[in-house]
Amino acid sequence: HYLIKTGIKKGDVVMIYSSRGVDLMVCVMGVLKAGATFSVIDPAYPPARQTVYLGVAKPRGLIVIKSAGQLDQLVEDYIAKELDVVTRIPSIAIQDDGSILGGKFSSSNEDCLSAYTNLCDTRTGVIVGPDSNPTLSFTSGSEGIPKGVLGRHFSLAYYFNWMSKQFNLSENDKFTMLSGIAHDPIQRDMFTPLFLGAQLLVPTQDDIGTPGQLATWMNKYGATVTHLTPAMGQLLAAQATTPFPALHHAFFVGDILTKRDCLRLQTLAENCCIVNMYGTTETQRAVSFFEVKSRSQDPF
Numbered sequence: 005h006y007l008i009k010t011g012i013k014k015g016d017v018v019m020i021y022s023s024r025g026v027d028l029m030v031c032v033m034g035v036l037k038a039g040a041t042f043s044v045i046d047p048a049y050p051p052a053r054q055t056v057y058l059g060v061a062k063p064r065g066l067i068v069i070k071s072a073g074q075l076d077q078l079v080e081d082y083i084a085k086e087l088d089v090v091t092r093i094p095s096i097a098i099q100d101d102g103s104i105l106g107g108k109f110s111s112s113n114e115d116c117l118s119a120y121t122n123l124c125d126t127r128t129g130v131i132v133g134p135d136s137n138p139t140l141s142f143t144s145g146s147e148g149i150p151k152g153v154l155g156r157h158f159s160l161a162y163y164f165n166w167m168s169k170q171f172n173l174s175e176n177d178k179f180t181m182l183s184g185i186a187h188d189p190i191q192r193d194m195f196t197p198l199f200l201g202a203q204l205l206v207p208t209q210d211d212i213g214t215p216g217q218l219a220t221w222m223n224k225y226g227a228t229v230t231h232l233t234p235a236m237g238q239l240l241a242a243q244a245t246t247p248f249p250a251l252h253h254a255f256f257v258g259d260i261l262t263k264r265d266c267l268r269l270q271t272l273a274e275n276c277c278i279v280n281m282y283g284t285t286e287t288q289r290a291v292s293f294f295e296v297k298s299r300s301q302d303p304f
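Written out as structure tokens, the structure reads:
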């Protein structure tokens with residue numbers, strides 16, 4: 005409601021400056037309910053790179069998640085000079101009771117969302133169709149400046165329905181949020197469990213950054229489905245001693261997947277089928293896949 009009242013129209017891009025967490029999921033849902041298109045900037049990117057993505061996206065709205073910190077002055081200057089941003093949420097954060105604070109502007113003593121809390125149970129009335137664009141992802145930029153790829157609602161809905169049937173995914177599964185937060189696989193991390201009514205597990209930075217800890221985290225919370233890049237798969241297996249047998253599917257995208265990567269993961273997760281997908285960014289989901297059976301299904 006805040007986005008709509010402050011100038012966001014259906015189809016506008018709203019950029020989210022984000023850390024990994026439940027706050028990101030809340031912001032994404034807010035943008036989608038406004039009929040807008042969400043895109044994500046990772047604060048780990050250098051400021052100059054952030055301006056490149058902003059230049060491609062040309063957002064009309066900007067949401068800063070409090071735990072991600074503040075934008076670099078170089079980025080702020082670029083936004084002021086080069087972009088036409090009509091609305092901002094300066095420092096959004098979810099509270100322990102589930103309420104949302106948006107932060108204060110320097111010109112106000114009130115939280116920017118306080119005037120809209122009475123609308124939290126009211127539908128926005130914005131109607132989108134199968135060809136409306138919920139997502140804006142970026143190519144790697146290997147041929148120069150990254151290109152923006154707009155996704156469609158129909159592609160998302162069709163893909164998740166197919167995926168659940170093809171790989172026997174259900175509301176009983178527990179998905180992980182391990183993809184890069186500014187990378188299109190994060191869309192699968194977030195939307196697959198929502199589509200199925202399943203659970204989404206969000207690790208802390210310590211869970212990801214401490215050698216061997218991520219495997220312990222997977223075991224502790226009983227993760228059953230994960231989306232990975234080969235690099236994240238290597239991080240998951242590195243110095244890991246704790247098995248996580250509940251994992252039954254790992255979907256890999258983004259780079260060359262080697263036999264060694266598969267063996268390392270399946271040593272820790274013997275019930276895990278590995279699915280290597282291709283063509284994810286440009287086609288929004290995938291154009292092909294290859295499945296490696298679990299060690300429990302095929303020991304050899």
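Residue numbers (this note's numbering): 5 to 304. All residues carry an ideal CB built from backbone N, CA and C; glycine is no exception.
query, result
"Under 8 Å between C-beta atoms of His253 and Phe171", "yes"
"Distance between beta carbons of Gly237 and Leu272, contact taken as under 8 Å", "Not really, about 10 Å apart at Cβ, beyond 8 Å."
"Residue nearest to Pro247 in terms of C-alpha spacing, selected from Leu261, Arg264, Gly216", "Gly216"
"Between the CA atoms of Lys178 and Thr228 - distance to the nearest angstrom", "5 Å"
"CA nearest to the CA of Gly184, picked from Thr10, Ser110, Ser22", "Ser22"
"Rounded distance between the beta-carbons of Tyr225 and Leu205, thought under 8 Å", "5 Å"
"Separation of Gln301 from Ile98, as counted between CA atoms", "43 Å"
"Separation of Thr10 from Thr121, as counted between CA atoms", "15 Å"
"Proximity below 8 Å, CB of Ser298 to CB of Cys276", "yes"
"Cβ shell of Phe109 (< 7 Å), same chain only, five flanking positions each side left out", "Pro94, Cys116"
"Distance cut-off 7 Å: Lys178 Cβ against heavy atoms of the ligand NAD", "Judged by which ligands are present, the structure shown has none, so any question about the ligand NAD falls away."
"For Gly152, the first and last residue of its enclosing beta strand (DSSP E)", "152-155"
"Inter-residue spacing [alpha-carbon to alpha-carbon] between Val90 and Gly15", "14 Å"
"Assigned exposure category for Gly155 - 16 Cβ within 10 Å defines buried", "buried"
"Residues bridged to Leu205 [DSSP beta-bridge criterion]", "Thr180"
"Extent of the continuous beta strand (DSSP E) run through Leu7", "Per DSSP, Leu7 belongs to no beta strand (DSSP E); it is in the alpha helix (DSSP H), 6-9."
"Distance, Pro303 Cα to Leu66 Cα", "50 Å"
"Alpha-carbon to alpha-carbon, Ala241 and Ser118", "45 Å"
"DSSP beta-bridge partners of Ser112", "Paired residue(s): none; Ser112 is not in a bridge."
"Endpoints, the beta strand (DSSP E) within which Pro94 is located", "91-98"
"Whether Phe42 touches Val56 by CB criterion (8 Å)", "no"
"Buried or exposed (CB count within 10 angstroms, at least 16 for buried), Leu200", "buried"
"Pick from Gly107, Asp88, Ala161 that is closest to Ser71, judged by C-alpha positions", "Gly107"
"Integer-rounded CB distance, given that Val17 should sit under 8 Å from Arg64", "6 Å"
"C-beta contact flag for Ala38 and Thr128 at 8 Å", "yes"
"Burial state of Thr180 (16 or more Cβ within 10 Å)", "buried"
"Three-state class that DSSP yields for Tyr21 in the structure shown", "strand"
"Residues sharing a beta bridge with Arg298, DSSP", "Correcting the residue identity first, residue 298 is Ser in this sequence and not Arg. Partner(s): none; Ser298 has no beta bridge."
"CB of Leu218 within 8 Å of CB of Pro234, strictly", "no"
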